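Asker: Chain order of the listed sequences is A and B.
Residue 358 is where the first sequence starts when you use my numbering, and the numbers rise one by one after that.
Residue 358 is where the second sequence starts when you use my numbering, and the numbers rise one by one after that.
Don't be surprised by glycine CBs; every beta carbon is placed ideally from N, CA and C.
Because the structure is a prediction, the values reported are computed rather than measured.
2 protein chains.
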Amino acid sequence: MTVALGVGPMESGLHGSAAEQPQAGATGKVLVVAGTHGNERNAPWLLEAWARWPGRLHSAGLALCPLIGNPEALAQSRRYGDRDLNRSFQTALLADPARQEGEVLRARSLLAAHGAEGADPCLVAIDLHSTTAAMGNSLVVYGRRPADLALAAGLQRQLGLPIYLHEGDPHQTGYLAEAWPCGLVIEVGPVPQGVLTAAVVHQSALALEATLVLLAEARRGSLPQPSHLVVHRHLRSLDLPRHDDGSPAALIHPHRQHRDWQPIQAGDPLFQASDGDTIAYHPPAGLENQLVWPVFINEAAYGEKGIALSLTSRERWPVEQRWSEALQTLASRLRAA
Amino acid sequence: MTVALGVGPMESGLHGSAAEQPQAGATGKVLVVAGTHGNERNAPWLLEAWARWPGRLHSAGLALCPLIGNPEALAQSRRYGDRDLNRSFQTALLADPARQEGEVLRARSLLAAHGAEGADPCLVAIDLHSTTAAMGNSLVVYGRRPADLALAAGLQRQLGLPIYLHEGDPHQTGYLAEAWPCGLVIEVGPVPQGVLTAAVVHQSALALEATLVLLAEARRGSLPQPSHLVVHRHLRSLDLPRHDDGSPAALIHPHRQHRDWQPIQAGDPLFQASDGDTIAYHPPAGLENQLVWPVFINEAAYGEKGIALSLTSRERWPVEQRWSEALQTLASRLRAA
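(1) Measuring only between beta-carbons, confirm whether B/Pro423 sits less than 9 Å from chain A.
(2) So that I know if they touch, is there some Cβ in chain E lying closer than 9 Å to that of B/Gln560?
(3) Let's test the definition: count the other Cβ atoms within 10 Å of the Cβ of B/Ser584 and tell me whether it reaches 16, buried, or not, exposed.
(4) Return the chain-ordered ranges of every alpha helix (DSSP H) run that is complete within the region 533 to 608 of chain B and spans a minimum of 4 residues.
(5) Answer yes or no: does any C-beta atom of chain A fall closer than 9 Å to that of B/Gln550?
(6) Can you look up B/Thr686 in the DSSP assignment and give me helix, strand or coil?
(7) Closer than 9 Å, CB to CB, is A/Arg692 near chain B or not?
(8) Can B/Leu668 and B/Leu608 be called in contact, C-beta distance under 9 Å?
(9) At a Cβ threshold of 9 Å, is A/Glu566 touching chain B?
(10) If I follow the unbroken alpha helix (DSSP H) through A/Arg465, where does it start and stop?
(11) Who are the Cβ neighbours of B/Gly459 in its own chain at under 6 Å, not counting the five residues just before and after it?
(12) Buried or exposed for A/His486, going by 16 or more other Cβ atoms inside 10 Å?
(13) Can you tell me whether DSSP reads B/Asn646 as helix, strand or coil?
(14) Take A/Gln550 and list the residues in its own chain whose beta-carbon comes closer than 6 Å to its own, dropping the five residues that flank it on each side.
(15) When the distance is taken between beta carbons, is A/Arg599 closer than 9 Å to A/Ala606?
(16) Go ahead and pull the three-state DSSP assignment for A/Leu512.
(17) Determine, using beta-carbon pairs with one atom in the region 511 to 519 of chain A and one in the region 503 to 521 of chain B, whether at least three such pairs fall under 8 Å.
(18) Pull up the distance between the alpha-carbon of A/Leu553 and that of B/Pro611, whole angstroms please.
(19) Which same chain residues, not among the five before or five after A/Gly578, have their C-beta less than 6 Å away from its C-beta?
(20) Do the CB positions of A/Ala665 and A/Ser604 come within less than 9 Å of each other?
(21) State yes or no: is the beta carbon of A/Glu405 nearer than 9 Å to at least one beta carbon in chain B?
(22) If you run the structure through DSSP and keep just helix, strand and coil, what is A/Gln629?
(23) Any idea if A/Asp505 is buried or exposed, counting beta-carbon neighbours within 10 angstroms, 16 or more meaning buried?
(24) Got a sec, what are the start and stop residues for the beta strand (DSSP E) B/Trp674 sits in?
(25) Hey, how far is the Cα of A/Arg398 from the Cα of A/Trp650?
(26) Is it true that the CB of B/His471 sits closer than 9 Å to the CB of B/Leu388?
(27) From B/Val461 to B/Ala406, what distance separates their C-alpha atoms?
(28) Using a threshold of 9 Å, state whether the C-beta atoms of A/Thr488 and A/Pro547 are closer than that.
(29) Is there contact between the region 524 to 539 of chain B and the region 624 to 641 of chain A, where contact requires at least three CB pairs shorter than 8 Å?
(30) Can you give me the Cβ contacts of B/Pro640 inside the same chain, cut-off strictly under 6 Å, excluding the 5 residues immediately before and after it?
(31) If I'm right that B/Phe653 touches B/Asp617 with Cβ under 8 Å, what's the distance once you round it to whole angstroms?
(32) Can you tell me whether DSSP reads A/Ser495 as helix, strand or coil?
(33) Verify the CB distance criterion: does A/Val676 have a CB-CB separation below 9 Å to chain B?
(34) Should B/Ala482 and B/Cys539 be called a contact, given that it needs their Cβ atoms to be closer than 9 Å?
(35) Between the C-alpha atoms of B/Leu507 and B/Pro519, what's the straight-line distance to the nearest angstrom?
(36) Give me the chain B residues within the contact set of A/Ala464, using Cβ-Cβ distance strictly less than 8 Å, ordered along the chain.
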């Protein structure tokens, strides 16, 4: 990893937070993060291979900053040490001097070094993850920042990747990708924690390279966009049924396991109780008349978060001109390799 | 779990170790262990469900002692704390008072409580595991104890389960099942660490119930046996190719991933280097003319042991009369529920 020359201090943005509106004159790299979770080893393998054979991954002529998100956790093949790094980019948490957990320190350090106003500034963050859920090769976008949507739309046009739009979930916040002016997660599965597979490495590389090509096109002012974007918008998460003592009283029904991105309707098998009985899906309050598509079904790391799966709404949105304009404006300031 | 009345001290066996030759008069239960590795959660789920609905699992009329092997590791969803419990049943290790790791203490405690000469004696140990490798529903047998072979042969006859016979491997010793007069591992996969799936729970229950039925038949002196037993006998393990710094230089080739129990021949793709090149299988010294069947391909926990896969020899053995005699003699002392 090369460290660029530092840039001088910049005025605070007038039109929003610094992360949303970096100064027009500042340039930066593309941050490529692997191992934000230390037991997701495929993307770190990819970056390691790339470091040894720099010609192997095509950077599309952009200056990149590849790094391991949580090296200590990776060394131990654990998701994290003190707390989930990918929930640690919360403004209030980072600003609280009393918070000194390892991942809080790491988040501060990453922003100081590679944030949009950091020593080696990066304008876009691509965060590479894997999951035990059968998500395939997919994207996770946080909220509705125009530049993120333009990038996701371009990737969906190019590779057909499904998009999980995560928003409106007060229980899950502080994602790394949100802390850069533009960013998203490339999420590939199913793969067990701690396991390297050539297929997952290959899928991650495909999606990453396509992302870099799109950013280079946006930099040239010619970002290809589809007419519509299909997103799976987060509605809410469901936990497993639990006994009074908090232990799980059921597991994902075998007819639902590995069926991410496929709709579920009232009455469909959802869980299997520990006495063997099938527990059907009953729409939670407010979703009675809504067809929903589950994602992140049985992700190993989400048990501790009380998430057995998340329900989404499949929506087809017209792609807006202002999205690509936002990404092209941002990308015009990306540095060449 | 009920604790039986203690039995008095017994003479040491004259015809071998106490574990191999328990006293003819002593009776005992069947030990059923789940969670020997704390991130293999399906079998603990099964035992938990069984504890809540005792009628659900059929014990075939035998007195059982179900327990969690490593409760602390299970609570943390980690394979182990200080060291692998399933490599900690080594006589010299257990006898060394200087060794006080958590899992050594646990192994001593399990033997004191439930060993063949323990307070609540068990004569047979069934140890329930899962793996990220595509082992299917399978058995692991350690060495060639006649009673183990009789039990495995009966299970293969009944369910067609493949058998990995682990022996002659000085690097991997001290398995739990070896520390009881008769014992084997039921190994089910693929399933990620930390993930519960109904299919794996169901496979584990099937194999466990069939084992208990066989033990009950052996107890009645009528153990069904096939004419032949097919074993996959351990030859040696292979590590990933590694860089000089010890980091992996390749991963399992996609054509080999999830192809456990399928033969590999010289020239077949085995690894994929980080530069993308295929690394073919070249038989190690001594195995040039031997057709081999890999097992435990890409098991997540074996990376730290330097095992990318193990090579076995597929062998068809005539079932010997003395095997069932050994198991029937032992099983005649199993207690009824």
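Answerer: Taking the definition as stated:
(1) Not an interface residue.
(2) Protein chains A and B are contained in the structure displayed, whereas chain E is not.
(3) Answer is exposed; the Cβ neighbour count stays below 16.
(4) Residue ranges of uninterrupted alpha helix (DSSP H) with 4 or more members, entirely inside the region 533 to 608 of chain B and ordered along the chain, are 555 to 576.
(5) Residue-level contact by beta carbon holds for B/Gln550 and chain A, with a gap shorter than 9 Å.
(6) Helix, per DSSP.
(7) With 9 Å as the cut-off, A/Arg692 does not count as an interface residue toward chain B.
(8) Cβ distance not < 9 Å, so B/Leu668 and B/Leu608 don't count as in contact.
(9) So no, A/Glu566 is outside the interface.
(10) In the DSSP assignment, A/Arg465 falls within the unbroken alpha helix (DSSP H) covering Gly459 to His471.
(11) The answer, listed in chain order, is Gly438 and Asp439.
(12) Buried.
(13) Here B/Asn646 sits in coil by DSSP.
(14) Asn396 and Ala657, listed in sequence order.
(15) With respect to the 9 Å criterion, A/Ala606 and A/Arg599 are classified as neighbours on the basis of their beta carbons.
(16) Looking at A/Leu512 - three-state DSSP - the assignment turns out to be helix.
(17) Too few Cβ pairs lie closer than 8 Å, so no.
(18) So the alpha carbons of these two residues sit roughly 11 Å apart.
(19) Taken in chain order, the residues that qualify are Gln685.
(20) Judged by beta-carbon spacing, A/Ser604 lies beyond the 9 Å limit of A/Ala665, meaning their Cβ atoms are not closer than that value.
(21) True, the Cβ-Cβ gap to chain B drops below 9 Å.
(22) Correct three-state label for A/Gln629: strand.
(23) The residue is buried, with at least 16 neighbouring Cβ atoms inside 10 Å.
(24) Unbroken beta strand (DSSP E) run through B/Trp674: Leu666 to Pro675.
(25) CA-to-CA, the gap between A/Arg398 and A/Trp650 works out to about 28 Å.
(26) Yes, they are a contact pair.
(27) Linking B/Val461 to B/Ala406 through their CA atoms gives a straight-line distance of about 28 Å.
(28) Yes, the pair counts as a contact, with Cβ atoms nearer than the cut-off.
(29) No: fewer than three Cβ pairs fall under 8 Å.
(30) Closer than 6 Å at the Cβ level, and outside the excluded window around B/Pro640, lie Ala623.
(31) A Cβ-Cβ distance of about 7 Å is found for the pair B/Phe653 and B/Asp617, placing them in contact under the 8 Å criterion.
(32) Three-state DSSP puts A/Ser495 in a strand.
(33) For A/Val676, not one C-beta of chain B is nearer than 9 Å to its own C-beta.
(34) Taking 9 Å as the cut-off, the beta carbon of B/Ala482 is found closer than this to the beta carbon of B/Cys539.
(35) The amino acid at residue 507 of chain B is misidentified as Leu; the sequence shows Ala. Spanning the two alpha carbons is a distance of roughly 14 Å.
(36) The contacting residues do not exist; A/Ala464 stays about 24 Å from chain B at best.
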